[in-house]
Amino acid sequence: MAAVGMSTGLALKQSTTLKSGFCGTAVVSHSAPAPKATNVAFAVRAGGYDEELVKTASSIASKGRGILAMDESNATCGKRLDSIGLDNTEANRQAYRQLLVTTPGLGEYISGAILFEETLYQSTTDGRTMVDCLNAQGIVPGIKVDKGLVPLTGSNDESWCQGLDGLASRTAAYYKQGARFAKWRTVVSIPNGPTELAITEAAWGLARYASICQDNGLAPIVEPEILLDGDHGIDRTLEVAERVWSKVFYFLAENNVLFEGILLKPSMVTPGAECSQRATPEQVAEYTLKMLKRRVPPAVPGIMFLSGGQSEVEATLNLNAMNQSPNPWHVSFSYARALQNSVLKAWQGQPENVEAAQKALLVRAKANSLAQLGKYSAEGEAEEAKQGMFVKGYTY
Ligand code: 13P
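First residue of the sequence shown? That's 1 in the working numbering, and the numbers climb one at a time after it.
1) With distance defined between alpha-carbon atoms, name the residue in GLY308, ILE190, PHE181 nearest to ALA338.
2) Ordered along the chain, which non-local residues of its own chain (more than five positions away) have a Cβ less than 8 Å from that of ARG80?
3) In whole angstroms, what is the alpha-carbon distance linking THR402 and ALA360?
4) Look up LEU218 in the DSSP assignment and say whether it is helix, strand or coil.
5) Using C-beta distances below 6 Å, list every residue in its chain close to LEU238, excluding the 5 sequence neighbours before and after it, in chain order.
6) Measure the Cβ-Cβ separation of SER276 and GLN387 and say whether it is below 7 Å.
7) What does DSSP give as the partner residue(s) for CYS161 in the beta ladder?
8) Given a threshold of 16 other Cβ atoms within 10 Å of its Cβ, counted over all protein chains shown, does VAL150 qualify as buried or as exposed?
9) Going by alpha carbons, who is nearest to SER59 out of GLY107, ARG128, GLY48?
10) Expressed to the nearest angstrom, what Euclidean distance is found between the alpha-carbon atoms of ALA75 and PHE251?
11) Whose C-alpha, out of GLY205, LEU306, GLU260, is nearest the C-alpha of LYS147?
12) Between the region 86-94 and the region 149-168, are three or more C-beta pairs nearer than 8 Å?
13) Can you tell which of ARG208, THR103, VAL140, LYS55 has the C-alpha that lies nearest to the C-alpha of ILE114?
14) CA-CA distance, GLN214 and TYR175?
15) Whole angstroms are fine: how far does the CA of ASN256 sit from the CA of PHE22?
16) Just verifying my parser: in three-state terms, what is the DSSP assignment at PHE116?
17) Classify ALA299 as buried or exposed, calling it buried when 16 or more other Cβ atoms lie within 10 Å of its own Cβ.
18) Looking only at its own chain, which residues have a Cβ that is under 7 Å from the Cβ of ALA378, when we skip the five neighbours before and after it?
19) Smallest Cα separation from LYS375: which of SER334, ALA382, PRO328, GLN324?
20) Should SER211 go down as buried or exposed, given a rule of 16 or more other Cβ atoms within 10 Å for buried?
21) So which of GLN350, TRP347, ALA336, PRO191 has the shortest CA-CA distance to ASN368?
22) Go ahead and label ASP229 buried or exposed: buried means 16 or more other beta carbons lie within 10 angstroms of its beta carbon, across all protein chains shown.
23) Expressed to the nearest angstrom, what Euclidean distance is found between the alpha-carbon atoms of TYR109 and LEU134?
24) Under a three-way DSSP split, which group does LEU319 fall into?
25) Go through its chain and collect everything with a Cβ distance to ARG180's Cβ below 6 Å, but skip five positions before and after it.
26) Would DSSP call ARG185 helix, strand or coil?
27) Span of the beta strand (DSSP E) holding PRO141?
28) Just checking GLY374 against the ligand 13P - is the residue's beta carbon closer than 6 Å to any of the ligand's heavy atoms?
29) Give a yes or no on whether the C-beta atoms belonging to ARG185 and GLU158 are separated by under 7 Å.
30) Tell me, to the nearest whole angstrom, how far the beta carbon of LEU319 is from that of GLN372; I am working on the premise that it is less than 8 Å.
31) Alpha carbons only, please: which of ARG170, ASN88, ALA219 is nearest the one belonging to ALA121?
32) Return yes when at least one heavy atom of the ligand 13P lies under 6 Å from the C-beta of ALA69, else no.
33) In three-state terms, what does DSSP make of THR171?
34) With 16 other CB atoms within 10 Å as the buried threshold, where does LYS293 fall?
35) May I ask you to check if the CB of ARG185 is nearer than 6 Å to at least one heavy atom of the ligand 13P?
36) Mind checking which residues open and close the alpha helix (DSSP H) that includes VAL331?
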């Protein structure tokens with residue numbers, strides 16, 4: 001704790017010590033004559049990890065690369081495995097995750113991989129840690145730290161995201177284990193409101209999470225997912241997204257979060273999944289970039305979109321459309337479903353299909369890498385990759 005040095009004649013009203021990272025306004029007074037409020041410039045927030053956080057975030061936001069989200073909870077991973085007839089055992093989850101992290105050449109297109117806790121502490125069948133496999137490819141290991149969604153009492157049947165209790169000690173342990181960035185996914189539902197309560201809760205939770213992560217060396221991904229559910233048009237999504245992001249940034253600032261050391265994971269601005277009026281990639285790009293330019297400071301290094309139930313090709317086309325002209329931030333992907341769907345289909349749980357499944361992952365990763373550079377064309381894409389994956393009320 002640093003004591004605060006005051007200039008002549010000024011003193012804090014009470015004897016106070018402040019956290020060294022504090023950056024704010026204190027009320028001070030002359031002993032005489034009249035009390036007066038003065039702004040005192042304290043040292044700008046100076047967390048021990050600041051330099052590393054900035055480096056981590058900017059290396060993940062590097063040209064032509066994006067994030068592989070492979071952080072499905074055990075329950076959600078079970079659904080993935082079930083779709084190809086496999087039981088949800090630890091051995092099957094390990095085999096699947098091993099396939100992903102050992103894909104040769106993956107580091108050319110993927111800069112970060114988000115893991116579930118089990119995978120962060122897991123080894124491959126030949127005894128290498130999953131973390132080492134990623135590092136060997138220049139892929140930064142990340143960790144999902146939220147504890148999932150539960151009903152938000154007093155709201156319109158909306159949710160809030162748990163996980164702040166004990167987060168400081170958990171993130172410190174994850175850092176020791178090799179994680180360098182984190183993810184916290186909360187959701188906002190358009191058909192259920194969203195109520196001001198749900199938006200405030202989502203934004204405040206994200207800001208507290210981000211601050212705690214930065215204090216422990218993890219660059220936080222800030223993800224308020226605006227769900228695709230609903231029959232609303234794209235203008236309504238834009239309006240809600242603007243409301244959500246303005247509150248998120250307000251609370252991030254209030255919590256002294258270092259913007260250069262975070263990444264965002266927004267939903268693209270699209271019509272609701274059940275809206276009859278569909279939008280072209282150019283319209284999605286126009287709306288999404290308009291929203292981001294209005295709400296996101298250029299200090300943020302990277303915007304890493306979620307796919308949210310779009311088809312693999314749709315998610316890639318939309319990203320490509322957003323990179324047709326320069327943006328203030330790196331605009332890229334952090335897809336789970338839109339990177340993994342064809343991989344699972346190619347694998348089918350068979351050891352002899354591992355190579356084909358890894359090739360399928362490279363195809364998707366490369367396509368999205370090209371889209372990050374604005375150079376993707378959907379020519380030659382498989383019909384299967386064009387099928388949507390939207391699931392109503394999807395949980396992650
Ligand atoms: P999807 O790309 O499947 O929407 O997953 C996003 C996500 O939040 C995973 O981190």
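Even glycine gets a Cβ: it sits at the ideal position worked out from N, Cα and C.
According to the structure data:
1) Taking the sequence shown and counting its residues from 1, one reaches residue 338 at position 338. Nearest of GLY308, ILE190, PHE181 to ALA338, Cα basis: GLY308.
2) Position 80 of the sequence shown, counting from 1, holds the residue named residue 80. So the qualifying residues of the chain are GLU72, TYR96, GLN340, LEU344.
3) As shown, the chain starts at 1 and ends at 396. That puts residue 402 outside it, with no answer to give.
4) Translated into the one-based positions of the sequence shown, residue 218 becomes position 218. Reduced to three states, the DSSP call for LEU218 is coil.
5) Here the question's residue 238 lines up with position 238 in the sequence shown. Closer than 6 Å at the Cβ level, and outside the excluded window around LEU238, lie VAL269, TYR287, MET291.
6) Residue mapping note: residue 276 aligns to position 276 of the sequence shown, counting from 1. Residue mapping note: residue 387 aligns to position 387 of the sequence shown, counting from 1. No, they are not a contact pair.
7) Against the sequence shown, residue 161 aligns to sequence position 161. Paired residues: LEU149.
8) Against the sequence shown, residue 150 aligns to sequence position 150. Under this definition VAL150 is an exposed residue.
9) Locating residue 59 in the sequence shown gives position 59, where the first residue counts as 1. That would be GLY107, whose Cα lies nearest to the Cα of SER59.
10) Here residue 75 refers to the residue found at position 75 when the sequence shown is read from its first residue. Here residue 251 refers to the residue found at position 251 when the sequence shown is read from its first residue. Those two C-alpha atoms are separated by around 31 Å.
11) For the purposes of this step, residue 147 is identified with residue 147 of the sequence shown, where counting begins at 1. Cα-wise, what sits closest to LYS147 is GLY205.
12) no
13) As a first step, residue 114 must be located in the sequence shown, where it is residue number 114. The shortest Cα separation from ILE114 among ARG208, THR103, VAL140, LYS55 belongs to VAL140.
14) Locating residue 214 in the sequence shown gives position 214, where the first residue counts as 1. Locating residue 175 in the sequence shown gives position 175, where the first residue counts as 1. Near 11 Å, if we compare the C-alpha coordinates of TYR175 and GLN214.
15) Reading the sequence shown from its first residue, position 22 is the one you call residue 22. Reading the sequence shown from its first residue, position 256 is the one you call residue 256. Because the pLDDT of PHE22 is 43, which lies under 50, any placement of that residue in the model is unreliable, and the number read from its coordinates should be weighed accordingly. For PHE22 and ASN256, the distance between alpha carbons rounds to 8 Å.
16) Working through the sequence shown from its first residue, we reach residue 116 at position 116. Residue state, collapsed to three classes: coil.
17) The residue given as residue 299 occupies position 299 in the sequence shown. Classification for ALA299: exposed.
18) Here residue 378 is taken as the residue at index 378 of the sequence shown, counted from 1. So the list reads VAL313, LEU317, once near-sequence residues are dropped.
19) Within the sequence shown, numbered from 1, the residue matching residue 375 stands at position 375. Measuring from the Cα of LYS375, the nearest candidate turns out to be GLN324.
20) Sequence index remark: in the sequence shown, residue 211 carries index 211 (1-based). SER211 comes out buried.
21) Taking the first residue of the sequence shown as 1, we reach residue 368 at position 368. Checking every option, the nearest Cα to that of ASN368 belongs to ALA336.
22) Taking the sequence shown and counting its residues from 1, the one referred to as residue 229 is at position 229. It is buried - the Cβ of ASP229 has at least 16 other Cβ atoms within 10 Å.
23) Locating residue 109 in the sequence shown gives position 109, where the first residue counts as 1. Locating residue 134 in the sequence shown gives position 134, where the first residue counts as 1. Distance between the alpha carbons of TYR109 and LEU134 is about 13 Å.
24) Start at 1 with the first residue of the sequence shown, and residue 319 comes out as number 319. The answer is helix: DSSP assigns LEU319 an H, G or I state.
25) Residue mapping note: residue 180 aligns to position 180 of the sequence shown, counting from 1. Only THR56, VAL140 meet the Cβ criterion.
26) In the sequence shown, counting from the first residue as 1, residue 185 sits at position 185. Note: ARG185 maps to strand in three-state DSSP.
27) In the sequence shown, counting from the first residue as 1, residue 141 sits at position 141. 140-144 is the extent of the beta strand (DSSP E) around PRO141.
28) By one-based count along the sequence shown, residue 374 stands at place 374. Outside the cutoff, so no.
29) The sequence position of residue 185 within the sequence shown is 185, counting from 1. The sequence position of residue 158 within the sequence shown is 158, counting from 1. Taking 7 Å as the Cβ cut-off, ARG185 and GLU158 do not qualify as a contacting pair.
30) By 1-based counting over the sequence shown, the position of residue 319 is 319. By 1-based counting over the sequence shown, the position of residue 372 is 372. So it is a contact: roughly 7 Å between Cβ atoms.
31) Here the question's residue 121 lines up with position 121 in the sequence shown. The displayed chain sequence assigns Tyr, not Ala, to residue 121. Of the candidates ARG170, ASN88, ALA219, the one whose C-alpha sits nearest the C-alpha of TYR121 is ARG170.
32) Within the sequence shown, residue 69 is the residue found at index 69, counting from 1. Within the cutoff, so yes.
33) Counting from 1 along the sequence shown, the entry for residue 171 is found at position 171. THR171: helix per DSSP, three-state reduction.
34) Numbered from its first residue, the sequence shown carries residue 293 at position 293. Under this definition LYS293 is an exposed residue.
35) For the purposes of this step, residue 185 is taken as the residue at position 185 of the sequence shown. Checking every heavy atom of the ligand 13P against the Cβ of ARG185, one is found closer than 6 Å.
36) As a working note, residue 331 is residue 331 in the sequence shown. Careful: VAL331 lies outside any alpha helix (DSSP H), inside the beta strand (DSSP E) at 330-335.
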